[in-house]
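Student: Have a look at the structure that comes next, please.
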């Protein structure tokens, strides 16, 4: 049975909206604030988070047996407005789990500190390090982080995650998949209709489709900064499509074992989820 | 000129009391909550904190010249309800300094997170480790922490502070002075009237004063768990007198150099302040 249920989602999604004069546990940020992160808000956003987290724990359990949360240290790397940490913090199974959130967005961190209890937050910048001590963490997940990073920050953060993980600890990161290249072309040539500003920006990305596909199939990280954003420079932040072979080559060299490379079959445009284990 | 002024104290003391439905930057916790930590509250409490911080920065500047706070990482170890971090965070000179707070008290940490912007908090337990990265910190201070620790946790935390400090970084800790033994005896014999429950508890501490003085003068840590508290076992937490010779010997062994030892006796009854530099 999955750890997180739709009841958890409903319970969180119906909490009141925070404003400047009140800040209660688990209050939500405003719709516009939430949408600034992943384009979705409230129930949709929580549901997306739930699916990802359940997937992570299911894959870990498939690899190494039932996951005992007691005393574990879990890091949400790129915690945004904290939708995943909110979900985890409300579960009784994680009452004795230490939760950490790392994020570069100062406003999101401030909001999380006010509304997400019993989680330690800290601010990161474009490149490592983070504040956490070495060999300290059991699990690091990064949803929609490596899907935006160019190769140098990607590799630097992979190494940093390796540093903070315990031997045997897991990390799960998401990246854009091969179909993302064609998706951008579809917006460009009108075969897929654009529904928001992000889609419009994507229509200008990965222009040389054939070359992008060639590089992806050769195991390269394919990056385009057309969509930009997040207040970061365009050599760091954009859209990144990362093949399995890239993980097998570069993360393995850093001391990881690739456990699972999952491309959701139900949605061809959903991000790929990559589970890795730091070698004991 | 001192970094922190009476105007800082006034400004902070006059901030509204934190109510359940208003959780804004720099709001204070209620009077009773503040008193739990050091007996004082509001202006008295901020005043004590400002004196300690000003003293520490003065001594560091005497030792190594003017401090440029930009990019400096400062840890308040045992931050309680955050009176010192509030003072530091409200100063424009420290706008670009990174501030961290560690404490074992979950409610205090929660209040700090909600009310102190741009500072990062993590929970500690009776013994190390803390969550922070090695060689990361420029200054760590611990006010009224080592005054309560028995020898074993004292030494382990001293080593941990050494771990997180960068070479050349400073630690400033407080310990009870030699005449604390007499202070307790005065309450016991009635020569000093107890003014609060803490004084009444102290009357039962360090009962064999002759032996306590002997051990102190021989360079030993002198510990008594008669007062207890802080939700920590009596083998860890009580009242502790640590002589200069103890600090020089044991912290020296861990790579620290004692820079300054500031001891003030009656009528001020301040905790003794030891400033140390990590030299290797």
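Protein chains in written order, with the working numbering: chain A, 466 to 745; chain B, 515 to 794.
Note that the Cβ used here is the ideal one computed from N, Cα and C, for glycine as well.
What you are looking at is a predicted structure, and each value in this text was computed from that prediction instead of being measured.
#1: Name the residue from B/718, B/682, B/585 and B/596 whose alpha carbon lies nearest to the alpha carbon of residue 626 of chain B.
#2: Exposed or buried, which one is residue 655 of chain A when buried takes at least 16 other CB atoms within 10 Å?
#3: So residue 504 of chain B and residue 688 of chain B are supposed to be a Cβ contact under 8 Å. How far apart are they, rounded?
#4: Judging by CA-CA distance, which residue of B/567, B/548 and B/724 is the nearest neighbour of residue 789 of chain B?
#5: Am I right that residue 649 of chain A and residue 667 of chain A are in contact with their C-beta atoms under 8 Å? What's the rounded C-beta distance?
#6: Quick one: what does DSSP say residue 676 of chain B is sitting in, helix, strand or coil?
#7: What does residue 751 of chain B pair with, by DSSP beta-bridge criteria?
#8: Count the other C-beta atoms from every protein chain shown that fall within 10 angstroms of the C-beta of residue 579 of chain A, then say buried if there are 16 or more, exposed otherwise.
#9: 8 Å is my cut-off, CB to CB: does residue 640 of chain B come that close to chain A?
#10: Can you give me the start and stop residues for the alpha helix (DSSP H) that residue 727 of chain B sits inside?
#11: Ignoring anything shorter than 3 residues or poking outside the region 528 to 604 of chain B, list the beta strand (DSSP E) runs there in chain order.
#12: Quick check on residue 708 of chain A - is its C-beta less than 8 Å from some C-beta in chain B?
#13: I'd like to know if the region 651 to 669 of chain B and the region 573 to 588 of chain B are in contact, where contact means that at least 3 CB-CB pairs between them fall below 8 Å.
#14: Taking 8 Å as the CB-CB limit, is residue 627 of chain B close to chain A?
#15: Given a cut-off of 8 Å, decide if residue 644 of chain B and residue 621 of chain B are closer than it, judged by their beta-carbon atoms.
#16: If the cut-off is 7 Å on Cβ atoms, which residues from the region 590 to 613 of chain A count as contacting chain B, listed in chain order?
#17: Please list the partners that residue 551 of chain A has in chain B, where partner means a Cβ-to-Cβ separation under 7 Å.
#18: Between residue 771 of chain B and residue 759 of chain B, what straight-line distance do the alpha-carbon atoms span, to the nearest angstrom?
#19: Does any residue of chain D bring its CB to less than 8 Å from the CB of residue 611 of chain B?
#20: Contact defined as beta carbons within less than 8 Å: I believe residue 733 of chain B pairs with residue 709 of chain B. What is the distance between those atoms, to the nearest angstrom?
#21: Report the three-state DSSP secondary structure of residue 792 of chain B (helix, strand or coil).
#22: Do you know how far the Cα of residue 773 of chain B is from the Cα of residue 547 of chain A?
#23: Taking residue 677 of chain A as part of the alpha helix (DSSP H), name the residues at either end of that continuous run.
#24: Is there a Cβ of chain A sitting closer than 8 Å to that of residue 691 of chain B, yes or no?
#25: Using DSSP bridges, identify the partner residues of residue 612 of chain B.
#26: Is residue 558 of chain A close to chain B? Criterion is C-beta to C-beta, closer than 8 Å.
#27: So that I know if they touch, is there some Cβ in chain B lying closer than 8 Å to that of residue 534 of chain A?
#28: Output the distance between the C-alpha atoms of residue 510 of chain A and residue 792 of chain B, rounded to the nearest integer angstrom.
#29: Identify each residue in the region 645 to 668 of chain B for which the Cβ-Cβ distance to at least one residue of chain A is less than 9 Å, and report them in chain order.
#30: Is residue 623 of chain A helix, strand or coil by DSSP?
#31: Using a Cβ-Cβ cut-off of 8 Å, state whether residue 765 of chain B counts as contacting chain A.
#32: Is the region 632 to 642 of chain A touching the region 556 to 574 of chain A in the sense that three or more CB pairs, one from each, lie closer than 8 Å?
#33: Please classify residue 640 of chain B: does DSSP put it in a helix, a strand, or coil?
#34: Could one say the Cβ of residue 582 of chain A lies closer than 8 Å to chain B's Cβ atoms, at least one of them?
#35: Tell me, please, whether the CB atom of residue 579 of chain A is closer than 8 Å to any CB atom in chain B?
#36: At which residues does the alpha helix (DSSP H) containing residue 529 of chain A begin and terminate?
Tutor: Taking the geometry as given:
#1: In the second chain, the residue the question calls residue 626 of chain B occupies position 112. Nearest C-alpha to residue 626 of chain B: B/596.
#2: Locating residue 655 of chain A in the first chain gives position 190, where the first residue counts as 1. With fewer than 16 other Cβ atoms within 10 Å, it is exposed.
#3: No answer is possible for residue 504 of chain B: the residues shown for chain B start at 515 and end at 794.
#4: To locate residue 789 of chain B, count along the second chain from 1; it is residue 275. For the residues B/567, B/548 and B/724, the minimum Cα distance to residue 789 of chain B belongs to B/567.
#5: The count along the first chain starts at 1 and reaches residue 649 of chain A at position 184. The count along the first chain starts at 1 and reaches residue 667 of chain A at position 202. Correct: roughly 5 Å between the Cβ atoms.
#6: What you label residue 676 of chain B is simply residue 162 of the second chain in a count that begins at 1. Helix.
#7: In the second chain, counting from the first residue as 1, residue 751 of chain B sits at position 237. For residue 751 of chain B, which the question treats as bridged, DSSP gives the partners B/663.
#8: Counting from 1 along the first chain, the entry for residue 579 of chain A is found at position 114. Residue burial is scored here from C-beta neighbours: residue 579 of chain A has at least 16 other C-beta atoms within 10 angstroms and is therefore classed as buried.
#9: Along the second chain, one-based indexing puts residue 640 of chain B at 126. Not closer than 8 Å to any Cβ of chain A, the Cβ of residue 640 of chain B fails to qualify, so no.
#10: In the second chain, residue 727 of chain B corresponds to position 213, counting from 1. Looking at the DSSP string, the run of the alpha helix (DSSP H) that includes residue 727 of chain B is 723 to 731.
#11: 587 to 591
#12: Here residue 708 of chain A refers to the residue found at position 243 of the first chain. For residue 708 of chain A, the answer is no, since every Cβ of chain B falls outside 8 Å of its Cβ.
#13: Yes: at least three Cβ pairs fall under 8 Å.
#14: Within the second chain, numbered from 1, the residue matching residue 627 of chain B stands at position 113. Chain A contact via Cβ: present.
#15: As a working mapping, residue 621 of chain B is identified with position 107 in the second chain. As a working mapping, residue 644 of chain B is identified with position 130 in the second chain. With contacts defined by Cβ atoms closer than 8 Å, residue 621 of chain B and residue 644 of chain B do not form a contacting pair.
#16: 594, 596, 597, 598, 599 and 601
#17: As a working note, residue 551 of chain A is residue 86 in the first chain. Within chain B, no residue comes near residue 551 of chain A; the closest Cβ sits about 14 Å away, beyond 7 Å.
#18: Taking the first residue of the second chain as position 1, residue 771 of chain B is located at position 257. Taking the first residue of the second chain as position 1, residue 759 of chain B is located at position 245. Rounded to the nearest angstrom, the two C-alpha atoms are 12 Å apart.
#19: In summary, chain D is missing from the structure at hand, where the protein chains are A and B.
#20: Here residue 733 of chain B refers to the residue found at position 219 when the second chain is read from its first residue. Here residue 709 of chain B refers to the residue found at position 195 when the second chain is read from its first residue. About 32 Å separates the two Cβ atoms, so there is no contact after all.
#21: As a first step, residue 792 of chain B is located in the second chain; it is residue number 278 there, counting from the start. Residue 792 of chain B: strand per DSSP, three-state reduction.
#22: What you label residue 547 of chain A is simply residue 82 of the first chain in a count that begins at 1. What you label residue 773 of chain B is simply residue 259 of the second chain in a count that begins at 1. Approximately 43 Å between the Cα atoms of the pair.
#23: Looking up residue 677 of chain A in the first chain gives position 212. Residues 674 to 682.
#24: For the purposes of this step, residue 691 of chain B is identified with residue 177 of the second chain, where counting begins at 1. Judged by the 8 Å Cβ criterion, residue 691 of chain B is not in contact with chain A.
#25: As a working mapping, residue 612 of chain B is identified with position 98 in the second chain. Answer is B/587, bridged to residue 612 of chain B.
#26: Here residue 558 of chain A refers to the residue found at position 93 when the first chain is read from its first residue. Taking Cβ atoms only, chain B never reaches closer than 8 Å to residue 558 of chain A, which makes this a no.
#27: Translated into positions along the first chain, residue 534 of chain A becomes position 69. So no, residue 534 of chain A is outside the interface.
#28: Taking the first chain and counting its residues from 1, one reaches residue 510 of chain A at position 45. Taking the second chain and counting its residues from 1, one reaches residue 792 of chain B at position 278. If you take the alpha carbons of residue 510 of chain A and residue 792 of chain B, they lie about 47 Å apart.
#29: Along the region 645 to 668 of chain B, going in chain order, the ones with a CB nearer than 9 Å to a CB of chain A are 645, 646, 647, 648 and 650.
#30: In the first chain, the residue the question calls residue 623 of chain A occupies position 158. Correct three-state label for residue 623 of chain A: helix.
#31: Your numbering for residue 765 of chain B matches position 251 in the second chain. Chain A contact via Cβ: absent.
#32: Contact fails between the region 556 to 574 of chain A and the region 632 to 642 of chain A, because fewer than three Cβ pairs, one in each stretch, are under 8 Å apart.
#33: Numbered from its first residue, the second chain carries residue 640 of chain B at position 126. Coil, per DSSP.
#34: Within the first chain, residue 582 of chain A is the residue found at index 117, counting from 1. Yes, residue 582 of chain A lies at the interface with chain B (some Cβ there is under 8 Å from its Cβ).
#35: Position 114 of the first chain, counted from the first residue, corresponds to residue 579 of chain A. Under the Cβ distance rule, residue 579 of chain A counts among the residues neighbouring chain B, one pair being separated by less than 8 Å.
#36: Here residue 529 of chain A is taken as the residue at index 64 of the first chain, counted from 1. In the DSSP assignment, residue 529 of chain A falls within the alpha helix (DSSP H) that extends over 507 to 529.
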